[in-house]
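Have a look at the structure below, then the notes.
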Amino acid sequence: EVEQPSITFLADSPTLPPTTTPVMPLVEKLLEEAPRKEQRKPYLQGPPLQFMLELYQRSADSDGHPRENRTIGATMVRLVMPSTDVSRHLRGSWHIWTLNFLLGRNWVAYQLVRATVVYRHQLYLAHISLSCHVEPWVPKSPKNYSSGRGPSKLSLMSQTWTEMDITQHIQQRLWNRKEQRVLRLCFMCQPQNISEVLEFPWHDTLSMDVAFLLLYLNDTHKTAQKAELLPSGLEELLEGESSLASRRKSR
Amino acid sequence: QIHSVEPEVTAPSWEHDESEKNQCSLHPYTVSFRQLGWDHWIIAPHHYTPNYCKGTCPRVLHYSLNSPNHAIIQNLVNELVNQSIPQPSCVPYKYVPMSILLMEANGSILYKEHEGMVAQSCTCR
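Going line by line, the protein sequences match chains Y and V.
All residue numbers for the first sequence refer to our numbering, where the first residue is 241 and numbers rise by one.
All residue numbers for the second sequence refer to our numbering, where the first residue is 27 and numbers rise by one.
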């Protein structure tokens, strides 16, 4: 049941525009904003989740209190998975997958502290061993990009994973753009035995958890902090409950 | 002005103890994210201890309550001038942050230190 806000409420809030349409019910809002319960399983598995759980355990205790000696260097870390539109091509003995990472809009309020890509440097697909690396995709001038520090072995996870710093690449090419930003990375693999190139059924084999992006961010001003006090879904919930309470009271 | 605080100073000891027991203070409280219905997207921690402030604000706001001048004056206004002006309320004074690991609707996983999540002390204001 949805009611119009009471006259008293509108009079108390002169900046609130009068509404002619019903207020969206709380549950409907949550279904739009928050992940659905069935979404949990596909994402809450595998190396990306394992990486973030280890990061969490190093940075906070079991009650969520940030640790004094945390070395994370930022107040926020976002793990971004590649989108599903993967293009593939073969260049000599190299199998190349082009991965797109949607960085979203409205990042003006955040300072990019560091950006890294975490990827498998060894793959075993169809009994074939592959050595892999990642390069930022740059149109026309592939040698001009600067990827910051080189790759380093990732101590957090298994020995088949590597973390590469791409902060400079993102800062120089993407961060200050206002439109939707897409980070494009080439994930390149070569069979350790070159003769296996033709037999390798590589078109169907790449799963989405071979690489993920980590953005280490800080809020840059107080309004940003205010806007990000709670995840948007939680804010929606609290706002909804608050308006429900006021409607109950006015009834 | 002294006259207005005199009754509290000279109150019987049992009455004094009772008012101290109900005085504005921090109370521990823990809730699970499951109880809040947010456990399908908050990965860690499983429990949240926001705590809360409860109790009456004394007519004499002593130093340890960290009340601003405004609260002291409002107390006096309530006491001496206009009782429709409410006494100060018992509310959180200091907060500490809390780190949350959650899954976003687009599949990203987010670690964030959220400010102001856990009440650490209380004040009258």
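Quick reminder that beta carbons are idealized off the backbone N, C-alpha and C, glycines included.
Endpoints, the beta strand (DSSP E) within which residue i is located
i, result
"residue 292 of chain Y", "No beta strand (DSSP E) contains residue 292 of chain Y, which is instead part of the alpha helix (DSSP H) from 286-299."
"residue 140 of chain V", "135-150"
"residue 13 of chain V", "Residue 13 of chain V falls outside the range modelled here, since chain V spans only 27 to 151, and no answer is possible."
"residue 128 of chain V", "116-129"
"residue 89 of chain V", "Residue 89 of chain V -> no beta strand (DSSP E), and no H or E assigned at all."
"residue 68 of chain V", "68-70"
Residue(s) in a DSSP beta bridge with residue i
i, result
"residue 323 of chain Y", "Paired residue(s): none; residue 323 of chain Y is not in a bridge."
"residue 46 of chain V", "In the DSSP output, where bridge partners are listed per residue, residue 46 of chain V has none listed."
"residue 423 of chain Y", "Y/341"
"residue 418 of chain Y", "Answer by DSSP bridge pairing: none, since residue 418 of chain Y is not bridged."
"residue 458 of chain Y", "Y/351"
"residue 362 of chain Y", "Y/371"
"residue 306 of chain Y", "Y/300"
"residue 82 of chain V", "V/49"
"residue 493 of chain Y", "Residue 493 of chain Y lies beyond the residue range present for chain Y, which begins at 241 and ends at 491; the question has no answer from this structure."
"residue 401 of chain Y", "Y/360"
"residue 432 of chain Y", "Residue 432 of chain Y is not bridged to any residue."
"residue 376 of chain Y", "Y/425"
"residue 336 of chain Y", "Y/329, Y/428"
"residue 453 of chain Y", "Y/320, Y/357"
Whole-number beta carbon distance between residue j and residue i, since they are thought to touch under 8 Å
i, j, result
"residue 372 of chain Y", "residue 359 of chain Y", "7 Å"
"residue 303 of chain Y", "residue 73 of chain V", "7 Å"
"residue 313 of chain Y", "residue 456 of chain Y", "6 Å"
"residue 149 of chain V", "residue 117 of chain V", "6 Å"
"residue 127 of chain V", "residue 350 of chain Y", "Actually they do not touch by this definition, with Cβ atoms about 18 Å apart."
"residue 134 of chain V", "residue 321 of chain Y", "7 Å"
"residue 453 of chain Y", "residue 411 of chain Y", "Between residue 411 of chain Y and residue 453 of chain Y the Cβ distance is about 14 Å, and since that is not below 8 Å, they are no contact."
"residue 342 of chain Y", "residue 327 of chain Y", "Actually they do not touch by this definition, with Cβ atoms about 15 Å apart."
"residue 405 of chain Y", "residue 315 of chain Y", "Their Cβ separation, rounded to whole angstroms, is 19 Å, which puts residue 405 of chain Y and residue 315 of chain Y out of contact at 8 Å."
"residue 77 of chain V", "residue 53 of chain V", "6 Å"
"residue 339 of chain Y", "residue 427 of chain Y", "6 Å"
"residue 122 of chain V", "residue 146 of chain V", "5 Å"
"residue 82 of chain V", "residue 132 of chain V", "Between residue 132 of chain V and residue 82 of chain V the Cβ distance is about 47 Å, and since that is not below 8 Å, they are no contact."
N-terminal and C-terminal residue of the alpha helix (DSSP H) that residue i is part of
i, result
"residue 98 of chain V", "95-102"
"residue 410 of chain Y", "407-413"
"residue 61 of chain V", "59-62"
Top-ranked residue by Cα proximity to residue i, from the options
i, options, result
"residue 91 of chain V", "V/77, V/65, V/120", "V/120"
"residue 409 of chain Y", "Y/425, Y/420, Y/419", "Y/425"
"residue 58 of chain V", "V/47, V/70, V/89, V/138", "V/70"
"residue 219 of chain Y", "Y/333, Y/319, Y/407, Y/427", "The displayed coordinates of chain Y run from 241 to 491. Any statement about residue 219 of chain Y would go beyond what the structure contains."
"residue 98 of chain V", "V/84, V/48, V/108, V/109", "V/84"
"residue 418 of chain Y", "Y/344, Y/458, Y/339", "Y/344"
"residue 237 of chain Y", "Y/370, Y/376, Y/413", "A query on residue 237 of chain Y cannot be resolved here, the shown segment of chain Y reaching from 241 to 491 and no further."
"residue 336 of chain Y", "Y/406, Y/374, Y/368", "Y/374"
"residue 50 of chain V", "V/63, V/79, V/61", "V/79"
"residue 317 of chain Y", "V/139, V/46, V/48", "V/139"
"residue 421 of chain Y", "Y/413, Y/357, Y/311", "Y/413"
"residue 330 of chain Y", "Y/430, Y/357, Y/423, Y/292", "Y/430"
"residue 129 of chain V", "Y/376, Y/298, Y/378, Y/289", "Y/289"
"residue 102 of chain V", "V/94, V/93, V/113", "V/113"
"residue 362 of chain Y", "Y/416, Y/298, Y/403, Y/415", "Y/403"
"residue 142 of chain V", "Y/368, Y/356, Y/305", "Y/305"
"residue 377 of chain Y", "Y/368, Y/366, Y/357", "Y/357"
"residue 87 of chain V", "V/63, V/65, V/115", "V/115"
"residue 407 of chain Y", "Y/298, Y/450, Y/355", "Y/355"
"residue 151 of chain V", "V/94, V/56, V/107", "V/94"
Distance cut-off 8 Å: residue i Cβ against heavy atoms of the ligand GDP
i, result
"residue 304 of chain Y", "No copy of the ligand GDP occurs in the structure displayed, which carries no ligand at all."
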